[in-house]
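Going by my numbering, the sequence shown runs without a break in its numbering and finishes at 430.
From the three backbone atoms N, C-alpha and C, an ideal C-beta is built for every residue, glycine too.
Worksheet: the structure to be examined is printed underneath.
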Amino acid sequence: MPGFEMFGALERAEVQEVLDSGVLMRYGFDGMRNNCWKARELEEAMAARMQTKFAHTVSSGTAALTVAMASAGIGVGDEVIIPTFTFVASFEAVLALGAIPVLADIDDTLCLNPQTVEKQITDKTKAIMPVHMCGSMADLKPLKMLCDKHKLILIEDACQAIGGSYDGKPLGSYGDLGCFSFDYVKTITCGEGGGIITDNHSYYKNADHYSDHGHDHVGKDRGAESHPFLGYNYRISELNAAVGVAQIKRLDDFLKVQQKNYSLLEASLADIEGITFRKVPETGVQNYSFLNFFLPSEDLARRAHKALLTAGVDACFYWYDNNWHYYRKWEHLTGPKSLGPLSDQVTQRISEQTRSGFSASDHWMGRTISCLVKLSWSREEVNRRASLMQKVLREILIKV
Ligand SMILES: *Cc1c(COP(=O)(O)O)cnc(C)c1O
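What follows is the structure, given as structure tokens:
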């Protein structure tokens, strides 16, 4: 997944252009900047690639989620349904708005299970936010139907799955709003950065204003603009956006390499009895940033994970024990160590949920191993990993 592996002349040239212009801020300074507008350029490229009417860039993926929700009017006391397996940022973004994250189980897609979502809907629910983890997606059609039925907003957290598609549409463009991260470890990177895509003009305008202290961006003179509503600073800088302008041009080349490396690794495990692969919804195409597979039990998965690392297959993850990707280890977010001023209403609602547990999610997560697919591997390196993985997993499963 990492765009950080692939830096070159294109990125340098874009950044140099910004440095030469002398204007590092994305808004204003029209006369000084020699017509250099990198954030705008990145937004145009994003909207074109993702086939949406609008795109807006911000300072991070977490900011993208926060701004996207704010732009759709989500705020204090509203509930947003998110999966138990996510990056903690989706949870944080909901909390940052004073809203309440409500967890729902995942299934063998490793993403939100549409069948468990409906029972989590209350009269406070405003949005459903599937998170397309590790390069592949939730089954979006039934989620969209639920949103239509209950008048909810569908927000896709596509931070880890840029370039994938569902039902012929780029991930992020299927819902009302889609969010991307361009942090340093994502498929394409700005260093730090994030993006929001939508076809909804008012969400887009709200996002543009909210991420810049509520500035209305109507005048040429920044000092003369008005602030129709309160916002915050989630702006991307021109330097970061410049890196993104270069990276988004290379996205489809990156995806091809990822897919090739992924396919070689997958093929090496395909015949091993006991290994099954993460389900990809029928009309979905993943972005191949991780190879995700299941072992027959939690015990075997733990042993296999350890054995893979010992054998020198690095960048393989056992998320079940991870304390920023899976709800099971999230006590620190709401417990006494939390720095954020969370209301009693929020902490109570969250601890109710985590106390009752999510056995279906535990079932899948306990057995899942995810191996990062890198872009910079030589053919020899991919083959080395493929045969090591095959050997290690065969040994573990033969002993059963
Ligand atoms: C990386 C990530 C984010 C947050 O992105 P940042 O740019 O690091 O703030 C949100 N959701 C998911 C699923 C992510 O992987």
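Per DSSP, the bridge partner or partners of Gly314: Here residue 314 is taken as the residue at index 284 of the sequence shown, counted from 1. Gly314 pairs with Tyr196.
Enclosing alpha helix (DSSP H) for Cys177 [first to last residue]: Within the sequence shown, the letter at position 147 stands for residue 177. Unbroken alpha helix (DSSP H) run through Cys177: Leu170 to His180.
Residue span of the alpha helix (DSSP H) that contains Thr82, given as start and end: One-based indexing of the sequence shown puts residue 82 at position 52. It is not in any alpha helix (DSSP H) - Thr82 carries neither H nor E in the DSSP assignment.
Pick from Ser241, Val422, His86 and Val248 that is closest to Asp9, judged by C-alpha positions: Limits of the chain in this structure are 31 at one end and 430 at the other, which puts residue 9 out of reach.
Test: Asn143 CB closer than 8 Å to a CB of chain D: Absent from the structure is chain D; it holds one protein chain and no more.
The region 290-301 / the region 67-76 touching (three or more Cβ pairs under 8 Å): no
Pair within 8 Å by beta-carbon distance, Phe284 and Thr217: Indexing the sequence shown from 1 puts residue 284 at position 254. Indexing the sequence shown from 1 puts residue 217 at position 187. In contact: Phe284 and Thr217 (Cβ atoms closer than 8 Å).
Identity of the residues DSSP links to Gly208 by a beta bridge: Position 178 of the sequence shown holds residue 208. Answer is Glu186 and Ile227.
Environment of Lys250 [buried if 16+ CB atoms lie within 10 Å]: Here residue 250 corresponds to residue number 220 of the sequence shown, with the count starting at 1. Lys250 should be labelled exposed.
Beta-carbon proximity check, Gly342 vs Leu427, cutoff 8 Å: Numbered from its first residue, the sequence shown carries residue 342 at position 312. Numbered from its first residue, the sequence shown carries residue 427 at position 397. The answer is no: Cβ separation not under 8 Å.
Three-state secondary structure (DSSP) of Pro113: The residue given as residue 113 occupies position 83 in the sequence shown. Strand, per DSSP.
Supposed close pair Ser101, Asn236 - CB separation, criterion 8 Å: One-based indexing of the sequence shown puts residue 101 at position 71. One-based indexing of the sequence shown puts residue 236 at position 206. Between Asn236 and Ser101 the Cβ distance is about 4 Å, and since that is below 8 Å, they are a contact.
Simplified DSSP state of Asp344, which is helix, strand or coil: On the sequence shown, position 314 is the one that residue 344 refers to. Here Asp344 sits in coil by DSSP.
Cβ-Cβ separation, Pro144 to Ser169 (assumed contact under 8 Å), whole Å: One-based indexing of the sequence shown puts residue 169 at position 139. One-based indexing of the sequence shown puts residue 144 at position 114. In the sequence as displayed, the identity of residue 169 is Asp instead of Ser. 6 Å between Cβ atoms; contact.
Integer Cβ distance of Phe324 from Arg424, believed to fall under 8 Å: Locating residue 324 in the sequence shown gives position 294, counting from the first residue. Locating residue 424 in the sequence shown gives position 394, counting from the first residue. Going by Cβ atoms, the distance from Phe324 to Arg424 rounds to 16 Å, so no, they are not a contact pair.
Proximity test, Phe117 beta-carbon vs ligand 1 heavy atom, cut-off 7 Å: For the purposes of this step, residue 117 is identified with residue 87 of the sequence shown, where counting begins at 1. Checking every heavy atom of ligand 1 against the Cβ of Phe117, one is found closer than 7 Å.
Proximity below 8 Å, CB of Ile136 to CB of Trp394: Stepping through the sequence shown from its first residue, residue 136 is reached at position 106. Stepping through the sequence shown from its first residue, residue 394 is reached at position 364. Result yes, Cβ atoms of Ile136 and Trp394 sit closer than 8 Å.
In chain order, each beta strand (DSSP E) run of at least 3 residues that lies wholly inside the region 218-263: 224-228
Residue nearest to Leu321 in terms of C-alpha spacing, selected from Gln289, Asn263 and Thr313: Taking the sequence shown and counting its residues from 1, one reaches residue 321 at position 291. When only C-alpha atoms are compared, the closest one is Gln289.
Leu95 beta carbon near ligand 1 (any heavy atom closer than 7 Å): Here the question's residue 95 lines up with position 65 in the sequence shown. Yes, the Cβ of Leu95 comes within 7 Å of a heavy atom of ligand 1.
Asn322, DSSP secondary structure in three states: As a first step, residue 322 is located in the sequence shown; it is residue number 292 there, counting from the start. Note: Asn322 maps to strand in three-state DSSP.
C-alpha gap between Ser293 and Ala331, whole angstroms: As a working mapping, residue 293 is identified with position 263 in the sequence shown. As a working mapping, residue 331 is identified with position 301 in the sequence shown. Going from the Cα of Ser293 to the Cα of Ala331 covers about 21 Å.
Ligand 1 heavy atom lying under 7 Å from the CB of Thr313: In the sequence shown, residue 313 corresponds to position 283, counting from 1. Not under cutoff, so the answer is no.
Minimum C-alpha distance to Phe37 - residue among Leu260, Val412, Leu182 and Ala272: Numbered from 1 along the sequence shown, position 7 holds the residue referred to as residue 37. The shortest C-alpha separation from Phe37 is found at Ala272.
Strand pairing of Thr398, partner residues [DSSP]: Here residue 398 refers to the residue found at position 368 when the sequence shown is read from its first residue. Answer is Phe324, bridged to Thr398.
Contact the region 343-356 vs the region 96-110: 3+ CB pairs below 8 Å: no
Lys336 (DSSP reduced to helix, strand or coil): Locating residue 336 in the sequence shown gives position 306, counting from the first residue. It is helical.
Per-residue burial, Thr155 [other beta carbons within 10 Å of its own, 16 or more giving buried]: In the sequence shown, residue 155 corresponds to position 125, counting from 1. Burial call: buried.
Burial state of Ser211, where buried means 16 or more other Cβ atoms lie within 10 Å: Here residue 211 corresponds to residue number 181 of the sequence shown, with the count starting at 1. Per the 10 Å Cβ criterion, buried.
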